[in-house]
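Trainee:
Protein chains in written order, with my numbering: chain A, 1 to 280; chain B, 1001 to 1317.
#1: Under the assumption that residue 1117 of chain B contacts residue 1245 of chain B (Cβ atoms under 8 Å), give the Cβ distance between them as a whole number of angstroms.
#2: Is it buried or exposed, residue 159 of chain A, if we count other Cβ atoms within 10 angstroms and call 16 or more buried?
#3: Within its chain, find whatever has a CB closer than 7 Å to the CB of residue 1073 of chain B; leave out the 5 residues flanking it on each side and keep chain order.
#4: Here's the rule: buried if 16 or more other CB atoms are within 10 angstroms of the residue's CB, otherwise exposed. What is residue 1268 of chain B?
#5: Under 8 Å Cβ to Cβ from residue 1312 of chain B, same chain only, skipping five residues before and after it: list those, please.
#6: Can you find a C-beta in chain B that's less than 9 Å from the C-beta of residue 193 of chain A?
#7: To the nearest whole angstrom, what separates the beta carbons of residue 1068 of chain B and residue 1083 of chain B, a pair I think is in contact under 8 Å?
#8: Would you identify the three-state DSSP class for residue 1073 of chain B, choosing helix, strand or coil?
#9: Which one or two residues does DSSP pair with residue 1082 of chain B in a beta bridge?
#10: Using a Cβ-Cβ cutoff of 9 Å, what residues of the region 108-126 of chain A are near chain B? List them in chain order.
#11: I'd like to know whether the C-beta of residue 1135 of chain B is nearer than 9 Å to at least one C-beta of chain A.
#12: Tell me the DSSP secondary structure of residue 214 of chain A in three-state form.
#13: Just to make sure I have the definition right: I need the residues of chain B whose C-beta is within less than 9 Å of the C-beta of residue 6 of chain A. Which are they?
#14: Assign residue 1021 of chain B to buried or exposed, taking buried as 16 or more other Cβ atoms, counted over all protein chains shown, within 10 Å of its Cβ.
#15: Measuring only the C-alpha atoms, how far is residue 1208 of chain B from residue 1227 of chain B?
#16: Where do the N-terminal and C-terminal ends of the alpha helix (DSSP H) with residue 188 of chain A fall, by residue?
#17: With residue 113 of chain A as the anchor, note down where its alpha helix (DSSP H) starts and where it stops.
#18: What is the C-beta distance between residue 1138 of chain B and residue 13 of chain A, in whole angstroms, given that I count them as a contact (C-beta under 8 Å)?
#19: Would you say residue 259 of chain A and residue 211 of chain A are within 9 Å of each other, going by their C-beta atoms?
#20: Can you tell me where the alpha helix (DSSP H) holding residue 1125 of chain B begins and where it ends?
#21: Going by alpha carbons, who is nearest to residue 1249 of chain B out of B:1306, B:1216, B:1279?
#22: Pull up the CB-CB distance for residue 1151 of chain B and residue 234 of chain A, whole angstroms please, since I reckon it's below 8 Å.
#23: Counting C-beta neighbours from all protein chains within 10 Å, is the total for residue 139 of chain A 16 or more, i.e. buried, or is it exposed?
#24: If contact is defined by three or more beta carbon pairs under 8 Å, each pair taking one atom from either stretch, is the region 1142-1151 of chain B in contact with the region 1185-1198 of chain B?
#25: Could you say which of B:1231, B:1281, B:1315 lies nearest to residue 118 of chain A if we only look at CA atoms?
#26: Should residue 1275 of chain B be flagged as near chain A, meaning a C-beta pair shorter than 9 Å?
#27: Contact between the region 144-158 of chain A and the region 169-187 of chain A: three or more CB pairs below 8 Å?
#28: Give me the chain B residues within the contact set of residue 212 of chain A, using Cβ-Cβ distance strictly less than 8 Å, ordered along the chain.
#29: Could you confirm whether any beta carbon from chain A is found closer than 9 Å to the beta carbon of residue 1056 of chain B?
#30: Please classify residue 1297 of chain B: does DSSP put it in a helix, a strand, or coil?
#31: Within 9 Å (strictly less), CB to CB, does residue 24 of chain A reach chain B?
#32: Any C-beta of chain D sitting closer than 9 Å to the C-beta of residue 1302 of chain B?
#33: Classify residue 1177 of chain B as helix, strand or coil using the three-state DSSP reduction.
#34: Closer than 9 Å, Cβ to Cβ, to anything on chain A: give me those residues from the region 1079-1091 of chain B, in chain order.
#35: Is the Cβ-Cβ distance between residue 1111 of chain B and residue 1191 of chain B less than 9 Å?
#36: For residue 1212 of chain B and residue 1234 of chain B, I'd like the C-alpha separation in whole angstroms.
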């Protein structure tokens, strides 16, 4: 498919990629720059003396490893539980018709428009009460974050997966039944793999939500320094007088790596998944 | 979108599909997977309970707080009184609220409806004719800026736009320009466009793949310009996608809290979009009742936008 416009298109896309990638490049660069080059008033877009000082500083001063573990724990629990619950709910909502189904689906759409900031106060009191019953899911425990992130990511996940489940022909199901597969087997061995692209796209979004969250972590984790998550830890490097840019960028880089790994693992399916979900 | 999905709602529970074809197709109308009512309820219940307890219940609670004079501290904190619609009325007369509404509209129009939409489409359009490895690289870069943690991204832009030693100043040769102070809304709009374009790009890529190549070929043969091709050949095919995309990114942008991490609404409320306004009223001003009332107004605004969108989508057929 040779076209005269191709060269122009390629030049433009390279330029766009450069602009988009620039802040990311700057982050990694600042993370490996020695201290005196970071505060220089005339920053160079490269460094000849890369150093690991900033990483060491971030990891030792701020107990970063512990926070990393906390963040990973919350995100993984949210993704795994969210996938399971959303898959089951989407299957039931797609394949089973009942009177109030449309109402329920509209509700799932509407709750996604609730401004999150507004709920911090009621949720704070709610979590306090939850803590009286089940301490692991109350204030100052990571469980509270898992519950809230699940509740906030499920509506979109169910809404997205519905399209994928609907796209699987019912005939396939009848065929599986004729071949003697149980409902349970059909669900896990036929339907689950078929909606995998949707599951991937959904899990990426839940992961990002849980991993990024600053607002809820700041609201629920008020005391105890070893239960904090990464976004809170990064804040410790921001000081009113002098930001510790080297440590901030090293911390940011560390915080980005798990996202990057996750992303590389699922990238190919993510694109087809998102496309399919919106087409639905 | 399944907006106009015709639905036959049956009340009876019909037994699982049988080998008998007729019974099978009857069952498929209401219980295609042969789940049975009990199992269907069991499948939906855990998700609905979580959403109900930790999302719907606090939301209703917020509506209740919105009609009280509840405050974070002071006498009204101990014994909040129901004040009816007083909070909503004071919002209508609050200059800062008007300011926040206007800035939110500006933010949504500038960064979502125009910025992300156009850039996303342009990228999707350009990337069709580009070498595969280059396309994958650009797609990855754009996606990366979308999935990175907002805290990280906020710090990054903070560093780029910083007054002293900020990268942008160094590049443009404008030392001492405090972008986030002098041009706060413009900075936020550029930032959000950079951040959110990935979604539009992905969506339009898949939409463009559905445009019949023969029609594009015809347009090329009759000598249609690029713009004419987009307007007369491509757009009619992707109208639904454009609407869906615009709705989703508008709602996400309207509720986005990231501006707080960049400018905290400042300087002097110059970048205080509604979510930031709500947060500051609630946690800095302690006006929980008022903040809740404003969140309800934001939610109603979102619903209004969604309704307009559904209208537009229906008009197609």
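C-beta atoms are modelled at their ideal positions from N, C-alpha and C, and glycine is treated no differently.
Since the structure is predicted, the reported quantities are computational estimates derived from the model, not experimental observations.
Mentor: Reading off the structure:
#1: Your numbering for residue 1117 of chain B matches position 117 in the second chain. Your numbering for residue 1245 of chain B matches position 245 in the second chain. Indeed they touch by this definition, with Cβ atoms about 7 Å apart.
#2: As a first step, residue 159 of chain A must be located in the first chain, where it is residue number 159. When all chains shown are included, residue 159 of chain A counts as buried.
#3: Looking up residue 1073 of chain B in the second chain gives position 73. 1286.
#4: Here residue 1268 of chain B is taken as the residue at index 268 of the second chain, counted from 1. Exposed is the call here.
#5: By 1-based counting over the second chain, the position of residue 1312 of chain B is 312. Cβ neighbours of residue 1312 of chain B beyond the five flanking positions: 1243.
#6: As a first step, residue 193 of chain A is located in the first chain; it is residue number 193 there, counting from the start. Residue 193 of chain A does not count as touching chain B.
#7: Numbered from 1 along the second chain, position 68 holds the residue referred to as residue 1068 of chain B. Numbered from 1 along the second chain, position 83 holds the residue referred to as residue 1083 of chain B. Contact flag correct, Cβ pair sits at about 6 Å.
#8: Within the second chain, the letter at position 73 stands for residue 1073 of chain B. Here residue 1073 of chain B sits in coil by DSSP.
#9: As a position in the second chain, residue 1082 of chain B is number 82, starting the count at 1. According to DSSP, which records beta bridges pairwise, residue 1082 of chain B is partnered with B:1068.
#10: 108, 109, 110, 111, 112, 113, 114, 115, 116, 117, 118, 119, 120, 121, 122, 123, 125, 126
#11: Position 135 of the second chain holds residue 1135 of chain B. Contact of residue 1135 of chain B with chain A is assigned, a C-beta pair being separated by under 9 Å.
#12: If you number the first chain from 1, residue 214 of chain A lands on position 214. In this structure, residue 214 of chain A counts as coil in the three-state DSSP scheme.
#13: Taking the first chain and counting its residues from 1, one reaches residue 6 of chain A at position 6. The contacting residues are 1129, 1130, 1131.
#14: Position 21 of the second chain, counting from 1, holds the residue named residue 1021 of chain B. Reliability fails at residue 1021 of chain B, whose pLDDT of 41 lies under 50, so the model's placement of it is uncertain and the value that follows must be treated cautiously. Exposed.
#15: Position 208 of the second chain, counted from the first residue, corresponds to residue 1208 of chain B. Position 227 of the second chain, counted from the first residue, corresponds to residue 1227 of chain B. Looking at the two C-alpha atoms, the distance is approximately 15 Å.
#16: For the purposes of this step, residue 188 of chain A is taken as the residue at position 188 of the first chain. First-last for residue 188 of chain A: undefined, no H or E at that position.
#17: In the first chain, counting from the first residue as 1, residue 113 of chain A sits at position 113. Segment: none, residue 113 of chain A is in no alpha helix (DSSP H) and carries neither H nor E.
#18: In the second chain, residue 1138 of chain B corresponds to position 138, counting from 1. In the first chain, residue 13 of chain A corresponds to position 13, counting from 1. Contact flag correct, Cβ pair sits at about 5 Å.
#19: Within the first chain, the letter at position 259 stands for residue 259 of chain A. Within the first chain, the letter at position 211 stands for residue 211 of chain A. Yes, the pair counts as a contact, with Cβ atoms nearer than the cut-off.
#20: Numbered from its first residue, the second chain carries residue 1125 of chain B at position 125. That run of the alpha helix (DSSP H) goes 1117-1127.
#21: Residue numbering aside, residue 1249 of chain B sits at position 249 when the second chain is read from its first letter. Nearest of B:1306, B:1216, B:1279 to residue 1249 of chain B, Cα basis: B:1306.
#22: Start at 1 with the first residue of the second chain, and residue 1151 of chain B comes out as number 151. Start at 1 with the first residue of the first chain, and residue 234 of chain A comes out as number 234. About 6 Å; that satisfies the 8 Å criterion.
#23: One-based indexing of the first chain puts residue 139 of chain A at position 139. It is buried - the Cβ of residue 139 of chain A has at least 16 other Cβ atoms within 10 Å.
#24: yes
#25: If you number the first chain from 1, residue 118 of chain A lands on position 118. When only C-alpha atoms are compared, the closest one is B:1281.
#26: Within the second chain, numbered from 1, the residue matching residue 1275 of chain B stands at position 275. Contact with chain A is found for residue 1275 of chain B, since one of that chain's Cβ atoms lies less than 9 Å from the residue's Cβ.
#27: Per the Cβ contact rule, the region 144-158 of chain A is not in contact with the region 169-187 of chain A (fewer than 3 Cβ pairs under 8 Å).
#28: In the first chain, residue 212 of chain A corresponds to position 212, counting from 1. The contacting residues are 1149, 1150, 1151.
#29: As a position in the second chain, residue 1056 of chain B is number 56, starting the count at 1. It does: the Cβ of residue 1056 of chain B has a partner Cβ on chain A nearer than 9 Å.
#30: Walking along the second chain from the start, residue 1297 of chain B turns up at place 297. It is helical.
#31: As a first step, residue 24 of chain A is located in the first chain; it is residue number 24 there, counting from the start. Residue 24 of chain A counts as touching chain B.
#32: Absent from the structure: chain D. Protein chains present are A and B.
#33: Start at 1 with the first residue of the second chain, and residue 1177 of chain B comes out as number 177. In the structure shown, residue 1177 of chain B sits in coil (DSSP, three-state: anything other than H, G, I, E or B).
#34: none
#35: Here residue 1111 of chain B refers to the residue found at position 111 when the second chain is read from its first residue. Here residue 1191 of chain B refers to the residue found at position 191 when the second chain is read from its first residue. Taking 9 Å as the Cβ cut-off, residue 1111 of chain B and residue 1191 of chain B qualify as a contacting pair.
#36: Residue numbering aside, residue 1212 of chain B sits at position 212 when the second chain is read from its first letter. Residue numbering aside, residue 1234 of chain B sits at position 234 when the second chain is read from its first letter. Straight-line Cα distance between these residues: approximately 9 Å.
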